[in-house]
Amino acid sequence: MDVVIIKLDHDMIKVNLKGEIDHHASLILREEIDNYIEKHRVKKILFNFKDVSFMDSSGVGMIIGRYKKLQNVGGKIGVVNLAPKIERIFQMSGLFSLISNFNDEKEAIDKL
Amino acid sequence: MTVLNEMQLDFVSKSENESFARVVVAAFASQLDPTLDELADIKTAVSEAVTNAIIHGYENTVGIIRISSKLYEDKVVITIQDWGKGIEDIEKARQPLWTSKPELERSGMGFTIMEDFMDELKVDSTPGEGTVVTMVKNINKGTVRQTT
Numbered sequence: 014m015d016v017v018i019i020k021l022d023h024d025m026i027k028v029n030l031k032g033e034i035d036h037h038a039s040l041i042l043r044e045e046i047d048n049y050i051e052k053h054r055v056k057k058i059l060f061n062f063k064d065v066s067f068m069d070s071s072g073v074g075m076i077i078g079r080y081k082k083l084q085n086v087g088g089k090i091g092v093v094n095l096a097p098k099i100e101r102i103f104q105m106s107g108l109f110s111l112i113s114n115f116n117d118e119k120e121a122i123d124k125l
Numbered sequence: 316m317t318v319l320n321e322m323q324l325d326f327v328s329k330s331e332n333e334s335f336a337r338v339v340v341a342a343f344a345s346q347l348d349p350t351l352d353e354l355a356d357i358k359t360a361v362s363e364a365v366t367n368a369i370i371h372g373y374e375n376t377v378g379i380i381r382i383s384s385k386l387y388e389d390k391v392v393i394t395i396q397d398w399g400k401g402i403e404d405i406e407k408a409r410q411p412l413w414t415s416k417p418e419l420e421r422s423g424m425g426f427t428i429m430e431d432f433m434d435e436l437k438v439d440s441t442p443g444e445g446t447v448v449t450m451v452k453n454i455n456k457g458t459v460r461q462t463t
């Protein structure tokens, strides 16, 4: 699992995820993202799943965890480029009632 | 029904082994020539069961996780066993979104995903003794098969 964090706006970041998101990877991701959020006062996160080849329910827990963290500062979370299998896991978990699934990055940046 | 092939694997409950375990089972199951979609379902379900054994069974201490698998003509049977603390209330554990460990950012979706992605799921557990999860995935081969 690789993660690249890109600053899009003063309080918005894009998190490019790459590889497989399981329990092991989630622990690493969580720490890296939280460090960045705290240091840069981030309020909006766009997770880009384009290069994610695998995700299980640990990924759901990781997203919900960041959602709760941003909720304290009135923030929001969006996702783009979900593969069908991953989208199914998001749906089953009811994640789309908490976060937005965008068609592309442009829409995400406009609406998030 | 004839067993075509059989394997067993023991490994310690380290989170690094989650990816190892799902890749091994997928490689074994691929002898049945499943679709990529079926393989992805198997990988996800195995990942969920192994993660449960690590986090809930052994609560991040070191123990042995055993995966055994049997291949049949039209299905793969996968058993994932731990000798950890076991599950007090299996029915509750299988409910969507229920987790005993919300502080660890668990989503409570593990069993729901196993149930949805596989064709059969059986959970046997005795508190203090451990848990055995048995899953079956039907491999739907194409109707036209090259035999020549």
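Here the protein sequences come in this chain order: A and B. Heads up, the first sequence is in my numbering, so the first residue is 14 and it goes up one at a time. Heads up, the second sequence is in my numbering, so the first residue is 316 and it goes up one at a time. Ideal Cβ positions, reconstructed from N, Cα and C, are used throughout, including at glycine. All of these numbers come straight from a predicted model, not from anything done at the bench.
For this session: Over the uninterrupted beta strand (DSSP E) stretch that includes T394/B, give me the two end residues.
Result: K390 to D397
Problem set entry | Simplified DSSP assignment, three categories, for G443/B | coil
Exercise. Within 8 Å (strictly less), CB to CB, does T463/B reach chain A?
Worked result: Here T463/B scores only 44 on pLDDT, less than 50, and its place in the model is too uncertain to base an answer on.
Exercise. Rounded to a whole number of angstroms, what is the C-alpha to C-alpha distance between M367/B and K407/B?
Worked result: What sits at residue 367/B in the sequence shown is Asn, not Met. So the two alpha carbons sit approximately 14 Å from each other.
For this session: Out of S110/A, I18/A, V55/A and S39/A, state which residue places its alpha-carbon closest to the alpha-carbon of L83/A.
Result: V55/A
Exercise. Hey, does K358/B have any beta-carbon neighbour from chain A nearer than 8 Å?
Worked result: yes
For this session: Kindly give me the distance between the Cβ atoms of F62/A and L95/A, rounded to whole angstroms, as I take these residues to be in contact under 8 Å.
Result: 5 Å
Problem set entry | DSSP three-state assignment for N116/A, whether helix, strand or coil | coil
For this session: Report the three-state DSSP secondary structure of N29/A (helix, strand or coil).
Result: strand
Problem set entry | Beta-carbon gap between M429/B and A360/B smaller than 8 Å | yes
For this session: With DSSP collapsed to three states, give me the class of Q346/B.
Result: helix
Exercise. Which value, in whole angstroms, describes the spacing of the CA atoms of K75/A and K358/B?
Worked result: In the sequence on display, residue 75/A carries Met and not Lys. Roughly 19 Å between the two C-alpha positions.
Problem set entry | Spatial distance of Y80/A from R421/B (CA atoms) | 14 Å
For this session: Flag R54/A as yes if its beta-carbon sits less than 8 Å from any beta-carbon of chain B, otherwise no.
Result: no
For this session: Tell me whether S334/B is buried or exposed, calling it buried when 16 or more other Cβ atoms sit within 10 Å of its Cβ.
Result: buried
For this session: Could you run through the stretch 22-40 of chain A and flag, in chain order, every residue whose CB is less than 9 Å away from some CB of chain B?
Result: E33, D35, H36, H37, A38, S39 and L40
Exercise. Using the beta-carbon count (16 or more within 10 Å), is M268/B buried or exposed?
Worked result: Residue 268/B is absent from the structure shown; chain B starts at 316 and stops at 463.
For this session: Check whether the stretch 380-395 of chain B touches the stretch 437-451 of chain B, counting contact only when three or more Cβ pairs, one atom from each stretch, lie closer than 8 Å.
Result: yes
Problem set entry | Pick from S71/A, R43/A and F115/A that is closest to T427/B, judged by C-alpha positions | S71/A
Problem set entry | Q323/B classed as buried or exposed, judged by whether at least 16 other C-beta atoms fall within 10 angstroms | exposed
For this session: With M322/B as the anchor, note down where its beta strand (DSSP E) starts and where it stops.
Result: N320 to V327
Exercise. How many Å lie between S440/B and E403/B at the Cα?
Worked result: 8 Å
For this session: Check whether the Cβ of R421/B lies closer than 8 Å to any Cβ atom in chain A.
Result: yes
Exercise. Got a sec? Which residues, its chain only, sit under 8 Å from K31/A by beta carbon, not counting five neighbours each side?
Worked result: M14, D15, V16, V17, D64 and V65
Exercise. Taking the continuous alpha helix (DSSP H) assigned at F432/B, which residues delimit it?
Worked result: G425 to F432
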